[in-house]
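Asker: Residues in the sequence shown are numbered consecutively from 4, following my numbering. Quick one: the structure is below, and I'll ask about it shortly.
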Amino acid sequence: MTGTILTPGSRRGAETMEKAARGRSLWDDAQRRLLRNKAAVGGMIVLGVLVLAAVIGPFFTPFAYDQINKDHVWAPPLTQGHLLGADSLGRDLLARLLTGLRVSLAIGLVATSVSLIIGVVWGAVAGYLGGRIDEIMMRVVDVLYSLPFIFFVILLMVTFGSNIILIFVAIGAVEWLTMSRIVRGQTLSLKHKEFVEAARAA
């Protein structure tokens, strides 16, 4: 009884055919398209370097970001232990830059997460329920759209005071409006697809 001997080339061909037969998942397709986009890959690398610098960078600076050194006022770069120099109060510019980077990334991450959660839930509920509830929910979005962003921030600052949490709330509470409209439109389009009607009938 003779068996078939698979060479490395034929083995790879068989694996490729097996993968093609199984099909690609949405995650595999998205990953393939992402890695094919050189600009996106470059942006991911830059963002990864910035996140790494924001997380561990302040631990390796010789000075704290708020440490005042009167003897180091306006110190030029690469002198007196200041890699990027010092400001008018003698504070290390590198430490302050890394701390500011940490705050900026935190604001972007938290505010985007808040707006994503609120926008997806609001838009999906409005699109799925439809009717009068959809009209009321979308009119609320229209009213909030009409308010200037700076007016909303000033109102929050007067009411709750000025702190970093307020910035998260202000950005997240405004940016979800566009997301809710997009999700509502997608929900309405999917709501009337054939497979949804077939599921309801079943």
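Positions of the beta carbon are idealized from the N, C-alpha and C atoms, including for glycine.
Using alpha carbons as the reference points, say which of GLU178, ALA89 and ALA42 lies closest to VAL113.
Answerer: Out of GLU178, ALA89 and ALA42, GLU178 has the C-alpha closest to the C-alpha of VAL113.
Asker: On the DSSP bridge assignment, give the partners of ASP95 in chain order.
Answerer: Paired residue(s): ALA89.
Asker: Near GLY60, which residues of its chain fall below 7 Å by C-beta distance, leaving aside the five closest residues on each side in sequence?
Answerer: Correct list, in chain order: LEU101.
Asker: Assuming ILE185 contacts GLY126 under a Cβ cut-off of 8 Å, what Cβ separation, rounded to an integer in Å, is found between them?
Answerer: The pair is a contact, with the Cβ atoms about 7 Å apart (cut-off 8 Å).
Asker: At what residue ranges does the segment 145-195 contain a whole run of the alpha helix (DSSP H), taking only runs of 4 or more?
Answerer: Within the segment 145-195, the complete alpha helix (DSSP H) runs of at least 4 residues are 152-163 and 167-194.
Asker: With distance defined between alpha-carbon atoms, name the residue in LYS196, PRO151 and ILE168 nearest to LEU180.
Answerer: With distances taken between Cα atoms, LEU180 lies closest to PRO151.
Asker: Give the DSSP-derived three-state secondary structure of VAL113 in the structure shown.
Answerer: VAL113: helix per DSSP, three-state reduction.
Asker: Going by C-alpha distance, which of SER28, ALA109 and SER116 is nearest ALA176?
Answerer: Cα-wise, what sits closest to ALA176 is SER116.
Asker: Between the Cα of ASN166 and those of SER192, VAL49 and VAL106, spot the shortest distance and give me the residue it belongs to.
Answerer: ASN166 has its Cα closest to that of VAL106, out of SER192, VAL49 and VAL106.
Asker: Please go through the same chain and pick out, in chain order, the residues whose beta-carbon is closer than 8 Å to the beta-carbon of TYR131, but skip the five residues on each side of it.
Answerer: So the list reads THR190 and LYS194, once near-sequence residues are dropped.
Asker: Would you list the one or two residues that DSSP bridges to THR82?
Answerer: For THR82, which the question treats as bridged, DSSP gives the partners HIS85.
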